[in-house]
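One structure below.
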Amino acid sequence: MSEIPHYLREGYLTVEELTDYLGGLPSEERLRKRPVAIPECPQEIPCTPCKEICPVDAVSMPTPNDKPVVDYEKCVGCSLCVQICPGLAFFMVHYVGDRARITLPHELLPLPERGEEVILLNRVGEEVGRGRVVLVIPREKSKGDTPILTVEVPIELAWDVRAVRVVRGDDNE
Amino acid sequence: MRLNEHPILDFSKRRGREITVYFEGTPIKAYEGETIAMALHAAGIRVLSHSSEKHRPRGLFCAIGKCSSCLVKVNGIPNVRSCITLVEEGMRIEMQRGKEELPKTAKPPEWKDAPKFDADVVIIGGGPAGLMAAINAADAGASVILIDEQPMLGGQLVKQTHKFFGKREQFAGVRGIKIAEILEEEARKRRSIKIFLETSAVGIFQEGDKKLVIAVRKNKELLEFRGKSIVVATGAMEKMIPFENNDLPGIYGAGAIQTLMNTYGVKPGDRVLIVGAGNVGLILAYQLIQAGVEVKAIVEAMPKVGGYFVHAAKVRRLGVPILTRHTILRAEGKEKVERAVVAKLDENWRPIPGTERVFDVDVIALAVGLRPSIELLHQAGCQLLYIRELGGHVVRRDERLETTISGIFVAGDTAGIEEATTAMLEGKIAGIAAALKAGAASPEWLREIEKAQEDLKEFRSGPFGRHVLEGIKKVMVVRE
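Following this line, the structure appears as structure tokens:
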């Protein structure tokens, strides 16, 4: 039997595994130009909405069971794949100055507001810092029935932050 | 405890009028449209019956009418499945203590009074497979009777808040609850489909050139259905695994927890341990977090996550540990779960002494697999085989899903444990094939069957599907 990959033993991808499976991350130049879609979907599963919704045909997937591969140059950073992905496995990364903007799905209550400070979580749910929400697309405006957020994080956390936790004192809205 | 806020679901629209029922004489607040077990759970009542020999407390386990863990006495009548029986104003509910007898004054219904209904195709089960079978059989020209023992259509889709995979023409990207609504609406707008809910099929017989399905409605009314062909799409039930105290109230099948929190908006508990990291266990963990319930950990005996990786990643990044190569040793607690003890397994699947860990939880969710509900097909005399890849005993069938008994078709999880997407495709095939068999459809519908067969083949072409195909190969009857 072949060796079980780390991500299936532990349930999360390391950045090395992600880089390997994607065949390399986008260049810094590309990351600074505009947001770019990053799939974290390393397994062959029968699923195609990301490819079907992409308006510029940047997601390649020869058969429904193939892994999605994004053409970083074609990708316009529209976030439709983040909105539609049934596995909540698509993200966007955008470098702006010394910060990175991460776009991620957020199907939990409460939905943070634009400008709100949230706790940043890595792929195993550890708190790695705090960041500010710069964009919210609520469920009713999302093309995939999933709310998405863009959160600004320190650039060195760009490849770690994949979820947020909203903390509100006594405000329980 | 009731859930009021939820990121996906709106319970305020679902709850009916507030009514009062009585449990062991105590008044309990309930909502019309919910089942007895849900109302009692919301009121904090976990113990519903006691076993007949050792008088051990028993609670809810499957919540879909398939086990008998939740039997209660209602207005003096014993053996009522509290999980699928709706509450009614003033209902008197009592705990069942072992085997109980009908009161002397009870008057059971008689077969001679049973109303009779006829159609080209009778479909048993209103989940994704049965609904698609009904819609497609009707479109092909057949009159259809669709029966289901739940109070609502949709099968297990009604509690699936996650978005489905597949292609967008197969509802990919749409939540299960929404797919249930779409399919129900499609079925209800076809006048050639007659729907019978809260109706349990209890037997299938040959009568001349027809199939007779006998059924019981609302625990008290006998019904007879006759069809030229039938489709059995009765789904699956949750498996149980052996460990100390595995019958304690608070140990639920994963599906029961989904029914509680997603269908009826009842909080299953506060702290949960999940056993099994297949898709069901992983999706359940995410849904629990969405309902505001803490998931302490997921334990998995295999050395890897069995479900789709993306489902695992969703809960890992919210801080839920997945302990592969771990199993549950025992549950602890007096009348209900108070703790779970787990341990690491060695290469030979034996717990390693000294690796025990205790989790303070009030709920243990078992997500250790499903097995096909083949009881009716078994009773009807269809040939069965035990196929590990398909989850247990399944019927032999041909490419159009006809079993070894001419005119009896099978679809969905009953044919082998898979996914709702494949259940829908199989339902389409079986529904059209049953309509053709009944002489109600024209031969050009064969093209639609072929199209669905192609879609199934494509869906199953990956590593997950290949496993299922191995199993299907073993049960396929090749016809000349």
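Protein sequence lines correspond, in order, to chains C and W. The letter at position 93 of the first sequence is residue 398 when you use my numbering, and the numbering goes up by one with no holes. The letter at position 5 of the second sequence is residue -11 when you use my numbering, and the numbering goes up by one with no holes. Just so you know, even glycine gets a beta-carbon here, dropped at the ideal spot from N, CA and C. Since the model is a prediction, treat every value here as computed from it, not as a measurement.
Distance from the Cα of N120 (chain W) is smallest, within the candidate group W:E72, W:I107 and W:N332, for W:I107.
Think of a sphere of 8 Å around the beta carbon of R428 (chain C): the chain W residues whose beta carbon falls inside it are A297, R300 and R301, in chain order. Annotation for P233 (chain W): R30, V31, L32, P41, R42, G43, L44, E319, K320 and V321 place their beta carbon closer than 8 Å to its own, counting only its chain and skipping 5 residues before and after. Within the stretch 433 to 456 of chain W, the residues whose Cβ lies closer than 8 Å to any Cβ of chain C are, in chain order, E442, F443, R444, S445, G446, P447, F448 and G449.
Against chain C, a Cβ distance below 8 Å from F343 (chain W) picks out nothing, because the smallest value is about 17 Å. Taking a C-beta cut-off of 8 Å against chain W, the contacting residues of the stretch 411 to 441 of chain C are E412, L413, L414, L416, L426, N427, R428, V429, G430 and E431, listed in chain order. Three or more Cβ pairs drawn from the stretch 286 to 302 of chain W and the stretch 344 to 363 of chain C lie within less than 8 Å of each other, which places the two stretches in contact. Within chain C, the residues whose beta carbon sits less than 9 Å from that of R152 (chain W) are T353, P354, E357, I358 and I389, listed in sequence order. In this structure, the straight-line span from the alpha carbon of S36 (chain W) to that of G455 (chain W) is close to 38 Å. For the stretch 330 to 341 of chain W, the beta-carbon criterion of a distance under 7 Å to any beta-carbon of chain C is satisfied by none of its residues.
Burial of A327 (chain W) is indicated by the presence of at least 16 other C-beta atoms within 10 angstroms of its C-beta.
Residues of chain C whose Cβ lies closer than 7 Å to the Cβ of F293 (chain W) are, in chain order, Y312, L313, P347 and Q348. At a Cβ-Cβ threshold of 7 Å, L141 (chain W) and I177 (chain W) do not count as neighbours. Sequence-distant partners of N370 (chain C) (beyond 5 residues in either direction) whose C-beta falls short of 8 Å from its own C-beta, in its chain, are E349, I350 and P351.
Chain-order list of chain C residues neighbouring E(-11) (chain W): L414, by C-beta distance under 7 Å. Residues of the stretch 247 to 281 of chain W with a Cβ closer than 9 Å to any Cβ of chain C, in chain order: A261, L266, Y270, I273, Q274 and G276.
DSSP places V128 (chain W) in the uninterrupted beta strand (DSSP E) bounded by V128 to I131. Contact of V289 (chain W) with chain C by beta-carbon distance below 9 Å involves Y312, L313, R314, E315 and G316. At a cut-off of 7 Å between C-beta atoms, R406 (chain C) does not count as an interface residue with respect to chain W.
Chain-order list of chain C residues neighbouring V304 (chain W): G430, by C-beta distance under 8 Å. Neighbourhood of G449 (chain C) in chain W, by CB distance below 8 Å: K147 and G157, in chain order. Cβ neighbours of I(-8) (chain W) within its own chain (closer than 6 Å, five residues either side excluded): T145. For F227 (chain W), the closest of W:G265, W:L313, W:K195 and W:G253 by C-alpha to C-alpha distance is W:L313.
Chain-ordered, the chain C residues with CB closer than 7 Å to the CB of T308 (chain W) read R314. Going by DSSP, I12 (chain W) is part of the beta strand (DSSP E) stretching over T10 to Y15. I401 (chain W) does not reach chain C, its nearest Cβ partner there being about 16 Å away, counting only Cβ pairs nearer than 7 Å. C-alpha of V433 (chain C) to C-alpha of V466 (chain C): approximately 8 Å in a straight line.
By a beta-carbon distance limit of 8 Å, A425 (chain W) contacts A124 (chain W). Their separation comes to about 4 Å.
Here the alpha carbon of I258 (chain W) sits roughly 15 Å from the alpha carbon of K288 (chain W).
Pairing T308 (chain W) with R437 (chain C) gives a Cβ-Cβ distance that is not under 7 Å. By the C-beta density criterion, L86 (chain W) is exposed, having fewer than 16 other C-beta atoms within 10 angstroms. Residues T406, R450, V452 and L453 of the same chain have their beta carbon placed closer than 8 Å to that of R444 (chain W), with the five preceding and five following residues left out of the count. A324 (chain W) has W:A315 and W:F343 as its beta-bridge partners, per DSSP. The stretch 410 to 424 of chain W makes contact with the stretch 101 to 117 of chain W, as at least three CB pairs between them are under 8 Å. When DSSP reads this structure, L206 (chain W) sits in a beta bridge with W:V200.
Around the beta carbon of F396 (chain C), a 10 Å sphere encloses 16 or more other beta carbons of the protein chains shown; the residue is thus reported as buried.
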